[in-house]
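**Student:**
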Amino acid sequence: MSTPIRASSILPGRREDIELHTADGLTLVGELARPLEREPVATLVCLHPLPTHGGMMDSHVFRKAAWRLPALADLAVLRFNTRGTSSVRGTSEGAFDGAVGERFDVAAAIEYAEFHELPNIWLVGWSFGTDLALKYGCDPAVTGAILLSPPLRFSAPEDLAVWAESGRPLTALVPEFDDYLRPEEARQRFAAIPQAEVVGVDGAKHLWVGDAEKVLDEIVRRVAPDVSLPLPTTWDGPMETGDVSAYADRTVAAFADTPVPGPAQRRAE
């Protein structure tokens, strides 16, 4: 009997806690999820939203990607907490550094994927994570990048120029009602990258609440084009249930005016 896939549904996969080691001596905590019985066709390296305002490796779109996409799309999903960021998985060493020291975090994640021979590496950044992808993600090991709700806050014109020169595919998924950058302005800003694709998502907001399934479909469309879409909303096999209550307060607080208390608040923005 088919069971509906819900926010708490964990589909079969091989999941392991991992550690990333940065060039400046920090240990970052993370998780790698892979298909249960097959090798992945592509790899998502997830760069989470702003940690001073609730962003972490368990932010809901990335959590759902890790819990669903290994089974539904044969993808590997690598997510981790950047320096000073805390989640149920644990707290990464260091402190938030305003998109400066985080360059080492991005490099460590890419190096981990490359060293473990994970195929077809794509960066998936969300909000603050999109700036990290633009600033530090145009690496020879990276196939391309997908940007969710890019604010273009920390990245500079020279970062866009690097991507333009590389020719690597880059897609920006921009909510119609985004708090920072909406589709029309995004098309103007990303015109600096000729190969950039800007996709406006009708009715969506910055946090993608209620629209995670649309986001996952658009990610899969680009990184695993042989997979039929839309992705299934029911599952016929075994399924576990995860506890999402631990994330609810941080999801609501993300991007709010009041920072979330905890390790991620060690350094102000």
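Position in the sequence shown (first residue = 1) + 13 = the numbering used here. Every residue gets a Cβ at the ideal spot worked out from N, C-alpha and C, and that includes glycine.
Tell me the DSSP secondary structure of T40 in three-state form.
**Tutor:** Position 27 of the sequence shown holds residue 40. If DSSP states are grouped into helix, strand and coil, T40 belongs with the strands.
**Student:** Determine the direct distance from the alpha carbon of L145 to that of M14, and round the result to whole angstroms.
**Tutor:** Looking up residue 14 in the sequence shown gives position 1. Looking up residue 145 in the sequence shown gives position 132. Distance between the alpha carbons of M14 and L145 is about 43 angstroms.
**Student:** Applying the 10 Å Cβ sphere with the 16-neighbour rule, what's the burial state of D191?
**Tutor:** As a working note, residue 191 is residue 178 in the sequence shown. By the neighbour-count rule (16 or more Cβ atoms within 10 Å), D191 is buried.
**Student:** Can you confirm whether the stretch 92 to 106 touches the stretch 163 to 177 when touching is taken to mean that 3 or more C-beta pairs between the two stretches lie within less than 8 angstroms?
**Tutor:** No: fewer than three Cβ pairs fall under 8 angstroms.
**Student:** Could you say which of G216, D152, L136 and D249 lies nearest to H61 if we only look at CA atoms?
**Tutor:** As a working mapping, residue 61 is identified with position 48 in the sequence shown. The shortest Cα separation from H61 among G216, D152, L136 and D249 belongs to L136.
**Student:** Comparing C-alpha positions only, which one of E44, G180 and F141 sits nearest to G157?
**Tutor:** Counting from 1 along the sequence shown, the entry for residue 157 is found at position 144. Looking at the Cα atoms, G180 is the closest of the given residues.
**Student:** With 16 other CB atoms within 10 Å as the buried threshold, where does H73 fall?
**Tutor:** Residue numbering aside, residue 73 sits at position 60 when the sequence shown is read from its first letter. Answer is buried; the Cβ neighbour count reaches 16.
**Student:** Which residue marks the beginning of the alpha helix (DSSP H) containing V137, and which one marks its end?
**Tutor:** Position 124 of the sequence shown, counted from the first residue, corresponds to residue 137. Segment I134 to W139 is the beta strand (DSSP E) holding V137; no alpha helix (DSSP H) there.
**Student:** Tell me whether the beta-carbon of G43 lies closer than 8 angstroms to the beta-carbon of L91.
**Tutor:** Residue mapping note: residue 43 aligns to position 30 of the sequence shown, counting from 1. Residue mapping note: residue 91 aligns to position 78 of the sequence shown, counting from 1. Taking 8 angstroms as the Cβ cut-off, G43 and L91 qualify as a contacting pair.
**Student:** Report the rounded CA-to-CA distance for V211 versus P17, giving the unit in angstroms.
**Tutor:** In the sequence shown, counting from the first residue as 1, residue 211 sits at position 198. In the sequence shown, counting from the first residue as 1, residue 17 sits at position 4. Their Cα atoms are separated by approximately 31 angstroms.
**Student:** Return yes when at least one heavy atom of the ligand MG lies under 7 angstroms from the C-beta of L220, else no.
**Tutor:** Among the components modelled here there is no ligand, and therefore nothing to report on the ligand MG.
**Student:** Taking the beta strand (DSSP E) that H34 belongs to, which residues open and close that run?
**Tutor:** On the sequence shown, residue 34 is found 21 positions in, with the first residue counted as 1. Here the beta strand (DSSP E) through H34 covers R27 to H34.
**Student:** So, for R19: in the same chain, excluding its five sequence neighbours on each side, which residues have a beta-carbon less than 7 angstroms away from its beta-carbon?
**Tutor:** The count along the sequence shown starts at 1 and reaches residue 19 at position 6. Around R19: no qualifying Cβ.
**Student:** Run through DSSP, which three-state label would T143 get?
**Tutor:** Sequence index remark: in the sequence shown, residue 143 carries index 130 (1-based). Helix, per DSSP.
**Student:** Per DSSP, what are the beta-bridge partners of A89 in this structure?
**Tutor:** The residue given as residue 89 occupies position 76 in the sequence shown. For A89, which the question treats as bridged, DSSP gives the partners T56.
**Student:** Are the stretch 120 to 127 and the stretch 75 to 83 in contact at 8 angstroms, needing three or more beta carbon pairs?
**Tutor:** With the cut-off at 8 angstroms, the stretch 120 to 127 and the stretch 75 to 83 do not touch.
**Student:** Just to confirm before moving on: does the CB-CB distance between P25 and D87 stay below 8 angstroms?
**Tutor:** As a position in the sequence shown, residue 25 is number 12, starting the count at 1. As a position in the sequence shown, residue 87 is number 74, starting the count at 1. Result no, Cβ atoms of P25 and D87 do not sit closer than 8 angstroms.
**Student:** S241: buried (16+ other C-beta within 10 angstroms of its C-beta) or exposed?
**Tutor:** In the sequence shown, the residue the question calls residue 241 occupies position 228. Answer is exposed; the Cβ neighbour count stays below 16.
**Student:** Counting only the same chain and skipping the five closest in sequence on each side, list residues whose C-beta sits under 7 angstroms from that of G275.
**Tutor:** As a position in the sequence shown, residue 275 is number 262, starting the count at 1. For G275, the predicted structure reports a pLDDT of 41, less than 50, and the residue's modelled location is therefore unreliable. A value from the coordinates is still provided. Closer than 7 angstroms at the Cβ level, and outside the excluded window around G275, lie S99.
**Student:** Considering just the uninterrupted stretch of the alpha helix (DSSP H) at L173, what are its terminal residues?
**Tutor:** Taking the sequence shown and counting its residues from 1, the one referred to as residue 173 is at position 160. Residues P170 to S179.
**Student:** Could you check which residue in C59, F117 and R102 has the C-alpha nearest to that of L82?
**Tutor:** Counted from its first residue, the sequence shown places residue 82 at position 69. Closest by alpha carbon: C59.
**Student:** For the beta strand (DSSP E) that E210 lies in, which residues bound it at each end?
**Tutor:** Here residue 210 refers to the residue found at position 197 when the sequence shown is read from its first residue. Start and end: A209 to V214.
**Student:** What residue range is occupied by the uninterrupted alpha helix (DSSP H) comprising A225?
**Tutor:** Here residue 225 refers to the residue found at position 212 when the sequence shown is read from its first residue. Run containing A225: A225 to V236, per the alpha helix (DSSP H) assignment.
**Student:** On the three-state DSSP scale, how would you describe W248?
**Tutor:** One-based indexing of the sequence shown puts residue 248 at position 235. Correct three-state label for W248: strand.
**Student:** So for T95, helix, strand or coil by DSSP?
**Tutor:** Stepping through the sequence shown from its first residue, residue 95 is reached at position 82. Three-state DSSP puts T95 in coil, outside helix and strand.
**Student:** Quick one: what's got a C-beta closer than 7 angstroms to G216's C-beta in the same chain, skipping five residues either side?
**Tutor:** By one-based count along the sequence shown, residue 216 stands at place 203. For G216, where only same-chain residues beyond five positions count, the Cβ hits under 7 angstroms are E189.
**Student:** According to DSSP, what are the bridge partners of L183?
**Tutor:** Sequence index remark: in the sequence shown, residue 183 carries index 170 (1-based). Paired residue(s): A158 and A209.
**Student:** Taking its Cβ as the centre, do 16 or more other Cβ atoms sit within 10 Å of G107, making it buried, or is it exposed?
**Tutor:** The sequence position of residue 107 within the sequence shown is 94, counting from 1. Buried, since its Cβ has 16 or more Cβ neighbours within 10 Å.
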